[in-house]
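First comes the structure, then the notes that go with it.
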Amino acid sequence: MTRLIRTMCFLLFTTMSLSACSIANSLRMMNANNGIEPIWNQDTTGMPYTALQAFYIGEKPYIKVKANGQQELLFLIDTGASFTMLFDTKDSAKLTFERGFSLEVAGWGEGKNTPAYQTELRSLSFGDIEFKDVKVAYIPISTSQYYMTPDEAIFDGVLGHDLLQHFVWTFDKREGLISASELAFSANENDVVLPFDVSLSKLSIPVSVTFNDKDTINREVLIDTGSRHYMKLNSAFPKNNDIELPKASIQAADFGLSGKAEHIRVTLPKLELGSLVLHNVKANIIDSNDEDDWWIIGSALMNQFVTIFDYPNKQFVIRQYPHMEFITKFNLAGIDLRKLIDGNFLVRYVYPGLPGELAGLKAGQRIMSINGIQSNELSEQDWLEMNAIPSNFVFCFEDTSCQNLSSKHISGYSDNEVN
Numbered sequence: 001m002t003r004l005i006r007t008m009c010f011l012l013f014t015t016m017s018l019s020a021c022s023i024a025n026s027l028r029m030m031n032a033n034n035g036i037e038p039i040w041n042q043d044t045t046g047m048p049y050t051a052l053q054a055f056y057i058g059e060k061p062y063i064k065v066k067a068n069g070q071q072e073l074l075f076l077i078d079t080g081a082s083f084t085m086l087f088d089t090k091d092s093a094k095l096t097f098e099r100g101f102s103l104e105v106a107g108w109g110e111g112k113n114t115p116a117y118q119t120e121l122r123s124l125s126f127g128d129i130e131f132k133d134v135k136v137a138y139i140p141i142s143t144s145q146y147y148m149t150p151d152e153a154i155f156d157g158v159l160g161h162d163l164l165q166h167f168v169w170t171f172d173k174r175e176g177l178i179s180a181s182e183l184a185f186s187a188n189e190n191d192v193v194l195p196f197d198v199s200l201s202k203l204s205i206p207v208s209v210t211f212n213d214k215d216t217i218n219r220e221v222l223i224d225t226g227s228r229h230y231m232k233l234n235s236a237f238p239k240n241n242d243i244e245l246p247k248a249s250i251q252a253a254d255f256g257l258s259g260k261a262e263h264i265r266v267t268l269p270k271l272e273l274g275s276l277v278l279h280n281v282k283a284n285i286i287d288s289n290d291e292d293d294w295w296i297i298g299s300a301l302m303n304q305f306v307t308i309f310d311y312p313n314k315q316f317v318i319r320q321y322p323h324m325e326f327i328t329k330f331n332l333a334g335i336d337l338r339k340l341i342d343g344n345f346l347v348r349y350v351y352p353g354l355p356g357e358l359a360g361l362k363a364g365q366r367i368m369s370i371n372g373i374q375s376n377e378l379s380e381q382d383w384l385e386m387n388a389i390p391s392n393f394v395f396c397f398e399d400t401s402c403q404n405l406s407s408k409h410i411s412g413y414s415d416n417e418v419n
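For the sequence shown, full-length UniProt numbering begins at 1 and goes up steadily by one.
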């Protein structure tokens with residue numbers, strides 16, 4: 001029963017309800033949009049397909065939506081979110097809506113839960129698609145522990161399972177395109193096609209995970225575009241099953257609606273998705289007492305392919321790019337940077353023992369330039385690419401001071417010699 005409740009309320013940032021009342025209201029929220037259907041623009045009659053400009057911030061996929069027929073907002077497409085959400089940003093504040101029933105949500109970390117509530121938008125549209133009378137969860141995320149400062153609130157909400165489930169979604173990061181369609185989907189000859197199960201608004205696919213030269217297991221894992229990582233799994237499963245993890249690891253942290261969740265990261269030798277075999281896959285090992293927690297594949301892995309979420313037929317399709325091999329990018333400098341509203345970077349986390357900490361960088365510092373390039377001219381993706389290669393960096397901060405650091409590969413972890 002405990003596992004059921006956790007899965008049921010596993011939302012955008014692995015959000016879960018923490019009280020009986022909140023559990024009941026989360027169920028209400030999950031089913032609040034059951035009666036609504038997409039309305040297609042008349043120009044698409046006979047061709048229910050819409051191409052959308054994609055905005056990738058780091059690894060996560062976003063699109064522009066229009067709320068109440070007027071206000072343009074930036075929404076994350078999150079296949080791991082049970083329902084659609086609206087956040088307290090400058091643009092969403094221009095909307096008028098009424099407060100409905102209360103929600104109490106939490107996520108990564110050991111801090112306090114975040115209060116939220118249900119509300120309704122008269123309409124929500126993207127491309128040639130419109131939904132009327134859309135129930136959403138309103139979450140004051142800018143003051144939650146997910147952010148260090150409200151200046152991090154650079155997107156306005158989330159499209160969740162309640163609306164995503166009507167379509168075939170195609171994600172193509174390389175071309176900067178996302179599409180939604182009701183057309184029948186036909187796989188190409190070389191596509192990897194995996195069935196997915198839907199349980200409590202979560203999608204899971206069968207995979208094979210290799211931990212070492214002796215231990216390989218088959219199981220279902222969630223596919224979550226709202227996760228920026230490659231893979232996550234829990235600490236309980238390898239511990240309880242006497243599975244030895246790779247010896248090389250780093251200490252890291254992630255942030256959710258309940259603050260910071262510290263964990264270790266390792267590089268697994270192999271992950272198989274049907275006939276697709278991936279080597280040297282970075283995995284976050286999340287502390288848990290439940291062997292079924294935190295089995296997730298995220299966008300950092302999926303974005304290396306064209307991926308298709310065929311909701312009507314419950315199929316997940318992986319289409320390889322020509323002449324592109326799967327690679328894992330590593331955070332060699334040991335600092336997590338987030339974009340701010342003004343375009344600069346915030347140091348959100350400094351990894352213990354890695355170059356960022358050794359150079360004296362601190363969480364909360366605002367970076368105005370990297371290697372002489374103004375931060376507002378760099379994207380999060382630019383930083384991920386720069387940080388994945390051993391390099392020399394010069395960071396200059398808001399107080400006009402600058403700091404040098406040098407990064408290198410981490411033996412057994414980032415150098416493709418998994419031990």
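Glycine residues also receive a C-beta, built at the ideal position from the N, C-alpha and C atoms.
Where residue i falls, given that 16 or more other Cβ within 10 Å makes a residue buried
i	result
residue 284	buried
residue 280	buried
residue 341	exposed
residue 183	exposed
residue 217	exposed
residue 463	In the structure displayed, the chain extends from 1 to 419; residue 463 sits before or after that span and is not available.
residue 358	exposed
residue 39	exposed
residue 213	exposed
residue 293	buried
Sheet register partners of residue i (DSSP bridge)
i	result
residue 142	None, per the DSSP bridge assignment.
residue 238	According to DSSP, residue 238 bridges with nothing at all.
residue 172	177
residue 49	181
residue 337	347
residue 254	261
residue 395	370, 403
residue 72	66
residue 116	103
Residue i versus residue j - alpha carbon distance
i	j	result
residue 41	residue 129	6 Å
residue 313	residue 56	27 Å
residue 197	residue 372	48 Å
residue 51	residue 127	7 Å
residue 295	residue 167	25 Å
residue 310	residue 396	45 Å
residue 420	residue 60	Within the shown structure, residues of the chain are numbered from 1 to 419, placing residue 420 beyond reach of any answer.
residue 64	residue 178	11 Å
residue 457	residue 405	The structure shown has nothing for residue 457, since the chain only spans 1 to 419.
residue 412	residue 304	23 Å
residue 193	residue 316	6 Å
residue 421	residue 203	Residue 421 falls outside the range modelled here, since the chain spans only 1 to 419, and no answer is possible.
residue 232	residue 43	42 Å
residue 33	residue 169	19 Å
Own chain, CB closer than 6 Å to residue i, minus 5 neighbours either side, in chain order
i	result
residue 237	291
residue 125	66
residue 338	152, 346, 348
residue 320	305
Test item: CB-CB of residue i and residue j under 8 Å
i	j	result
residue 247	residue 265	no
residue 333	residue 354	yes
residue 139	residue 87	yes
residue 91	residue 71	yes
residue 326	residue 268	no
residue 155	residue 75	yes
residue 207	residue 272	yes
residue 301	residue 230	yes
Contacts around residue i, its chain only, beta-carbon distance under 7 Å, and the 5 residues preceding and following it disregarded
i	result
residue 391	407
residue 235	285, 286, 287, 288
residue 85	12, 136, 137, 139, 157, 158, 160
Any non-hydrogen atom of the ligand MG within 7 Å of residue i CB
i	result
residue 122	Only the bare structure without any ligand can be found here, which leaves the ligand MG out of the picture.
Close-in-space but distant-in-sequence residues of the same chain around residue i (CB under 8 Å, 5 per side omitted)
i	result
residue 361	335, 347, 350, 395, 403, 405
residue 144	114, 257
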